[in-house]
Amino acid sequence: MAHKKPNLPTKTCATCGRPFTWRKKWAKVWDEVRYCSDRCRRARPKQS
63 MAHKKPNLPT KTCATCGRPF TWRKKWAKVW DEVRYCSDRC RRARPKQS
């Protein structure tokens with residue numbers, strides 16, 4: 063039986079603007095996570 067996880071925290075991706083949810087691999091660095099995927103992280107806007 064699959065279970066739902068309705069109480070996980072969410073954030074909005076800094077690149078694509080889509081919401082994404084907490085993942086166990088981000089448990090220690092959740093405050094630093096800004097992007098939903100590696101693709102968005104690589105496509106982030108360049109800082110001048």
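Numbers 63 to 110, taken from our numbering, label the letters of the sequence shown in order.
Ideal Cβ positions, reconstructed from N, Cα and C, are used throughout, including at glycine.
Collapsing the DSSP output to three states places Lys67 in coil. Cβ contact annotation for Thr74 (same chain, cutoff 6 Å, sequence separation greater than five): Pro81, in chain order. The continuous stretches of alpha helix (DSSP H) do not include Cys78, and DSSP gives it neither H nor E. Secondary structure of Trp88 (DSSP, three-state): helix. Between the alpha carbons of Lys66 and Arg96 lies a distance of about 24 Å.
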